[in-house]
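Undergrad: Can you read through this structure? Questions will come right after.
There are 2 protein chains.
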Amino acid sequence: MQQTRLDTDRIRAARRVIDPVFLGTPLYRCEALEPGLGCAVSIKLETANPVRSFKGRGTEVVASLLAERGPRAVVCASAGNLGQALAWSGRGRGLDVTVVASRFATAAKLDRIRALGAGLELVDGDHELARERAAEIARYDGIRLVEDSLDIETCEGAATIGLELVEALERAKPAEQARPGEQAKQAALAELAELAQTAEQAEMAELADPAPPFDAVLIALGGGAMATGVGHVLKALAPGVEVICVQPLGAPAMTRSWHERRVVTTDSTDTIADGVAGRRPIPAVLDDLLLVADDAVLVQEASIIAGMRMLLDHAGLVVEPSAALGIAAILEDRDRFAGRHVVTIVCGGNVDGDAYRRWVGAAPVPHKA
Amino acid sequence: MQQTRLDTDRIRAARRVIDPVFLGTPLYRCEALEPGLGCAVSIKLETANPVRSFKGRGTEVVASLLAERGPRAVVCASAGNLGQALAWSGRGRGLDVTVVASRFATAAKLDRIRALGAGLELVDGDHELARERAAEIARYDGIRLVEDSLDIETCEGAATIGLELVEALERAKPAEQARPGEQAKQAALAELAELAQTAEQAEMAELADPAPPFDAVLIALGGGAMATGVGHVLKALAPGVEVICVQPLGAPAMTRSWHERRVVTTDSTDTIADGVAGRRPIPAVLDDLLLVADDAVLVQEASIIAGMRMLLDHAGLVVEPSAALGIAAILEDRDRFAGRHVVTIVCGGNVDGDAYRRWVGAAPVPHKA
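Those protein sequence lines, which keep their order, are chains A and B. Number 369 marks the last residue of the first sequence (the numbering used here); no jumps. Number 369 marks the last residue of the second sequence (the numbering used here); no jumps.
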């Protein structure tokens with residue numbers, strides 16, 4: 001069977017060099033979301049970290065390798081999240097970071113890049129122009145170009161999300177299949193009871209999980225680092241889990257490519273989901289996506305906004321549009337997910353306040369029972 | 001030296017019976033908060049879990065013990081967060097849970113309790129009346145009464161937050177004092193380099209942390225379970241960290257008690273911070289608080305609201321008022337914290353949407369550079 005560019009051993013090794021602040025992120029059922037969606041939903045939260053997106057995982061791997069073997073100067077093109085993450089990872093290791101971004105990029109993201117001490121160059125065009133300029137800088141200045149999703153380390157970092165999802169499935173297994181962790185739990189319970197000097201011997205209730213373990217993961221699809229990384233790990237270690245990628249209708253290039261099994265580009269993008277607004281898929285990434293994704297769907301802007309509003313109202317989270325793509329997919333196809341348990345990766349929370357207010361409206365709406 | 005009611009061995013044992021969804025919660029610097037506060041701030045996030053507060057830690061301990069040795073019916077008085085957490089922990093173990101609350105309690109909290117299948121009884125009075133009614137139910141029906149902060153398990157559960165803070169301090173130690181984790185990290189880096197078949201031998205850059213480790217923890221003070229639990233662990237394992245409790249001016253009983261070293265009650269409370277609006281401190285809890293807290297301060301409602309707004313704007317988090325007490329304390333005493341690195345425990349996110357909008361106003365304000 002054909003292999004992806006990824007390797008699960010390398011992904012495990014990569015995890016060990018990533019700052020723990022990006023690892024072991026929350027994975028929890030948000031039952032308040034469920035009446036509105038018709039299925040059980042677990043949030044994998046990638047915003048509670050210093051750069052408010054999952055991209056720190058990948059940049060930690062990149063920066064660790066660069067710090068060890070150089071060069072110490074690096075440039076990337078970014079809609080903002082990769083740049084902020086690379087700036088953070090570089091700062092901690094004394095690397096010289098330059099970020100090239102479109103001047104139309106989210107101001108909140110650009111400010112964080114400057115605040116973290118990285119050089120910031122703006123181009124008068126879109127993300128694809130930024131990619132060209134970053135490549136140019138790397139060529140002329142001889143510094144390392146970091147390319148989101150093409151560079152395997154960016155995929156390996158994101159893939160560690162997949163390891164954590166697999167480990168959660170392991171923990172959810174019934175007691176008779178329980179790993180040493182479960183036995184340790186029972187031992188600890190016994191110890192607590194002893195410490196409490198109780199002589200009672202009562203049966204310990206079976207831990208009942210009211211929802212089955214998740215069987216699908218909804219992944220925002222931009223360059224493809226997260227989709228291929230997480231997809232690779234799930235297909236390798238939990239192949240029963242459906243891997244569903246989600247993109248905006250306004251930035252559909254990779255999704256069309258996946259369906260047509262060949263690189264399809266678009267001339268422009270039109271979406272508020274700036275984090276996934278690519279238009280020129282990378283062939284090597286598409287090859288991997290074809291191996292690990294079970295589906296790729298497109299959603300409307302209105303659904304993305306509705307998803308953002310639901311996450312604000314029912315999970316108390318301000319998220320950027322890309323992070324609401326999973327919820328949007330459920331909203332647009334309730335029948336598909338009805339009665340199931342899905343994970344949605346809330347991948348970023350960097351958004352301009354005034355844009356957010358324009359899209360989502362006022363703070364949490366009046367409480368509904 | 002006088003001892004608290006707590007025991008660090010029991011707290012470690014308690015951790016092993018708590019559902020992992022409540023453990024290992026994010027602890028991360030939120031640099032976007034810092035210009036407005038004048039100090040480095042790390043958020044310890046206790047809202048990214050199925051009950052959106054830290055109280056699941058304690059109820060998991062309680063419910064585990066009850067499931068093992070009974071009784072299987074339990075009642076508690078709650079402003080909402082304890083009740084929701086106990087309902088969740090009980091549901092997973094087949095316990096029969098009744099929550100008694102004031103009919104003025106936060107509607108969002110009450111709805112979650114019902115949704116989790118617990119019985120809910122409302123009293124026509126405040127939280128103290130709910131405590132009396134819960135005790136009455138327990139007496140007449142012979143079911144177990146769970147009392148926040150009095151029951152040692154509620155403190156032990158909260159104390160596991162302290163274990164995680166201590167472990168973070170351990171990880172932050174310089175390389176020469178590094179624990180096996182750091183050595184494993186360097187070994188992993190070498191492994192990655194080998195897997196990449198690189199022959200270069202470059203020095204690995206020292207991991208530079210631009211802020212010193214934290215030296216103070218700001219803890220919302222209600223019944224005292226979290227303050228005494230976290231305080232006990234810090235005093236035992238990281239005594240250099242200052243433990244500062246924060247209460248609203250409108251619910252100052254425990255703070256006054258701490259300063260006067262005797263139980264001081266109030267006739268009423270007047271604060272939006274419903275989660276900490278107690279007025280009759282428990283003597284045993286005060287005794288422990290006197291041993292482990294370095295200070296207890298009171299803050300204005302306006303500061304709490306300002307803190308909530310800052311967490312929304314700069315951390316993308318909708319929090320309940322109690323969770324903003326730490327930020328409020330910094331706002332009211334910048335000089336005290338200037339240049340330091342403090343942790344604030346964001347302890348809960350259960351809040352009514354319309355009340356939140358009234359207090360905080362619209363969604364994130366226009367972005368400021």
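In this text, a Cβ means the ideal position worked out from N, Cα and C, and glycines have one as well. Here the structure is a predicted model, which means the values were calculated and not measured.
1. Please report the distance separating the alpha-carbon of I327(A) from that of P283(B).
2. Are P50(B) and R340(A) touching if we call contact CB-CB under 8 Å?
3. Using a 10 Å radius around the Cβ and a threshold of 16 neighbouring Cβ atoms, would you call S42(A) buried or exposed?
4. Please report how far the alpha carbon of L110(B) lies from the alpha carbon of G348(B), in whole angstroms.
5. On the premise that L325(A) lies in contact with A251(A), defined as a C-beta separation below 8 Å, what is that separation, rounded to the nearest angstrom?
6. To the nearest angstrom, report how far apart L122(B) and L129(B) are at their CA atoms.
7. Output needed in chain order: residues of the region 334 to 358 of chain A with a Cβ under 7 Å from some Cβ in chain B.
8. Over what stretch of residues does the beta strand (DSSP E) that includes Q247(A) continue unbroken?
9. Whose Cβ in chain B lies nearer than 7 Å to the Cβ of E31(A)?
10. C76(A) by DSSP, collapsed to three states: which one?
11. Just to confirm before moving on: does the CB-CB distance between A108(B) and D352(B) stay below 8 Å?
12. In chain order, what residues of the same chain have a beta carbon less than 6 Å from the beta carbon of L234(B), not counting five sequence neighbours either side?
13. Would G316(A) pass as an interface residue toward chain B - the criterion being a Cβ-Cβ separation below 8 Å?
14. Evaluate D148(A) with the Cβ neighbour count: other Cβ atoms within 10 Å of its Cβ, from every protein chain shown; 16 or more gives buried, anything less gives exposed.
15. Compare the C-beta of L312(A) against all C-beta atoms of chain B and say whether one is closer than 8 Å.
16. Mind checking if T47(A) is an interface residue toward chain B, Cβ cutoff 8 Å exclusive?
17. Return the first residue and the last residue of the alpha helix (DSSP H) that A296(A) is part of.
18. Sorted by chain position, which residues of the same chain lie with C-beta nearer than 6 Å to A38(B)'s C-beta, five sequence neighbours on each side aside?
19. By the 10 Å Cβ neighbour count, where 16 or more other Cβ atoms means buried, how is D126(A) classified, buried or exposed?
20. Where DSSP assigns a beta bridge to G119(B), which residues make up the other side?
21. Report yes or no: do three or more beta-carbon pairs, one from the region 301 to 309 of chain A and one from the region 262 to 269 of chain A, lie closer than 8 Å?
22. Report yes if the C-beta distance between A315(B) and A32(B) is below 8 Å; otherwise report no.
23. I18(A) to G222(A), Cα distance in whole Å?
24. Does the CB of R57(A) have a neighbour CB from chain B at under 8 Å?
25. Going by DSSP, what residues sit across from R144(B) in a beta bridge?
26. For V17(B), would you say it is in contact with chain A, using Cβ-to-Cβ distances shorter than 8 Å as the test?
27. In the DSSP assignment, find the unbroken alpha helix (DSSP H) run with A329(A) in it and report its ends.
28. Between the region 3 to 16 of chain B and chain A, which residues of the former have a C-beta closer than 7 Å to a C-beta of the latter?
29. Within the continuous beta strand (DSSP E) that includes T154(B), where are the two ends?
30. So, V292(A) versus G231(A), is the Cβ gap smaller than 8 Å?
31. Contact check, A77(B) vs V100(B) under 8 Å by CB: the rounded distance?
32. Grouping DSSP H, G and I as helix and E and B as strand, with all else coil, what is K55(B)?
33. Just grab the DSSP bridge partners of T269(A) for me.
34. When you compare the CB of A202(A) with every CB in chain B, is at least one pair closer than 8 Å?
35. With DSSP as the reference, label V217(A) as helix, strand or coil.
36. Measuring alpha carbon to alpha carbon, tell me which of T154(A), R52(A), L169(A) ends up nearest A14(A).
TA: Let me spell this out:
1. Taking the first residue of the first sequence as 1, we reach residue 327(A) at position 327. Taking the first residue of the second sequence as 1, we reach residue 283(B) at position 283. So the two alpha carbons sit approximately 48 Å from each other.
2. As a working mapping, residue 50(B) is identified with position 50 in the second sequence. As a working mapping, residue 340(A) is identified with position 340 in the first sequence. Their beta carbons are not under 8 Å apart, which means P50(B) does not touch R340(A) by this criterion.
3. On the first sequence, residue 42(A) is found 42 positions in, with the first residue counted as 1. S42(A) counts as buried, since at least 16 other C-beta atoms from the protein chains shown sit within 10 angstroms of its C-beta.
4. Numbered from its first residue, the second sequence carries residue 110(B) at position 110. Numbered from its first residue, the second sequence carries residue 348(B) at position 348. CA-to-CA, the gap between L110(B) and G348(B) works out to about 15 Å.
5. Looking up residue 251(A) in the first sequence gives position 251. Looking up residue 325(A) in the first sequence gives position 325. No, A251(A) and L325(A) are not in contact; Cβ-Cβ is about 10 Å, not under 8 Å.
6. Mapped onto the second sequence, residue 122(B) falls at position 122. Mapped onto the second sequence, residue 129(B) falls at position 129. Spanning the two alpha carbons is a distance of roughly 10 Å.
7. Listed by position along the chain: G349, D352, G353, D354, Y356, R357.
8. By 1-based counting over the first sequence, the position of residue 247(A) is 247. Segment 242 to 248, the beta strand (DSSP E) holding Q247(A).
9. The residue labelled residue 31(A) in the question sits at position 31 within the first sequence. Neighbours of E31(A) in chain B, taken as residues whose beta carbon is under 7 Å from its own, are P50, A115 in chain order.
10. Against the first sequence, residue 76(A) aligns to sequence position 76. In this structure, C76(A) counts as strand in the three-state DSSP scheme.
11. In the second sequence, the residue the question calls residue 108(B) occupies position 108. In the second sequence, the residue the question calls residue 352(B) occupies position 352. Against a cut-off of 8 Å, the Cβ pair of D352(B) and A108(B) comes out as a contact.
12. One-based indexing of the second sequence puts residue 234(B) at position 234. Excluding positions up to five away in sequence, the list reads G162, V241, V243.
13. Within the first sequence, residue 316(A) is the residue found at index 316, counting from 1. By this cut-off, G316(A) is an interface position.
14. In the first sequence, the residue the question calls residue 148(A) occupies position 148. Its Cβ being crowded by 16 or more others within 10 Å, D148(A) is buried.
15. In the first sequence, counting from the first residue as 1, residue 312(A) sits at position 312. At a cut-off of 8 Å between beta-carbon atoms, L312(A) makes contact with chain B.
16. As a first step, residue 47(A) is located in the first sequence; it is residue number 47 there, counting from the start. By this cut-off, T47(A) is an interface position.
17. Position 296 of the first sequence holds residue 296(A). Per DSSP, A296(A) is not a residue of any alpha helix (DSSP H); the beta strand (DSSP E) it occupies stretches across 295 to 299.
18. Here the question's residue 38(B) lines up with position 38 in the second sequence. It should be noted that the sequence gives Gly, not Ala, for residue 38(B). Contacts found: R334, A338.
19. Here residue 126(A) is taken as the residue at index 126 of the first sequence, counted from 1. Buried: at least 16 other Cβ atoms inside 10 Å.
20. Counting from 1 along the second sequence, the entry for residue 119(B) is found at position 119. T98(B).
21. Result no; under three Cβ-Cβ pairs closer than 8 Å.
22. On the second sequence, residue 315(B) is found 315 positions in, with the first residue counted as 1. On the second sequence, residue 32(B) is found 32 positions in, with the first residue counted as 1. Yes; because the gap between Cβ atoms is below 8 Å, this pair is in contact.
23. Residue mapping note: residue 18(A) aligns to position 18 of the first sequence, counting from 1. Residue mapping note: residue 222(A) aligns to position 222 of the first sequence, counting from 1. Taking the straight line joining both Cα atoms gives about 22 Å.
24. Within the first sequence, residue 57(A) is the residue found at index 57, counting from 1. Output row for R57(A): interface = no.
25. Your numbering for residue 144(B) matches position 144 in the second sequence. Bridge partners of R144(B): V74(B).
26. Numbered from 1 along the second sequence, position 17 holds the residue referred to as residue 17(B). At least one chain A Cβ lies under 8 Å of V17(B).
27. In the first sequence, counting from the first residue as 1, residue 329(A) sits at position 329. Segment 325 to 332, the alpha helix (DSSP H) holding A329(A).
28. Hits within the stretch, in order: R10, A13, A14, R16.
29. Working through the second sequence from its first residue, we reach residue 154(B) at position 154. From DSSP, T154(B) is part of no beta strand (DSSP E) but of the alpha helix (DSSP H) over 152 to 171.
30. Position 292 of the first sequence holds residue 292(A). Position 231 of the first sequence holds residue 231(A). Yes, Cβ-Cβ distance for V292(A) and G231(A) is below 8 Å.
31. Along the second sequence, read from residue 1 onward, the residue named residue 77(B) stands at position 77. Along the second sequence, read from residue 1 onward, the residue named residue 100(B) stands at position 100. In this structure A77(B) touches V100(B) by the C-beta definition: roughly 5 Å separates them, less than 8 Å.
32. Against the second sequence, residue 55(B) aligns to sequence position 55. In this structure, K55(B) counts as coil in the three-state DSSP scheme.
33. Counting from one through the first sequence, the residue named residue 269(A) turns up at place 269. Beta-bridge annotation (DSSP): T269(A) is not paired with any residue.
34. As a position in the first sequence, residue 202(A) is number 202, starting the count at 1. Low local confidence applies: a pLDDT of 31 at A202(A) is under 50, so the model's placement there is unreliable, with the coordinate-based value given in what follows. Yes, A202(A) counts as interfacial toward chain B.
35. Within the first sequence, residue 217(A) is the residue found at index 217, counting from 1. Strand, per DSSP.
36. As a first step, residue 14(A) is located in the first sequence; it is residue number 14 there, counting from the start. If we check each option's Cα against that of A14(A), T154(A) comes out closest.
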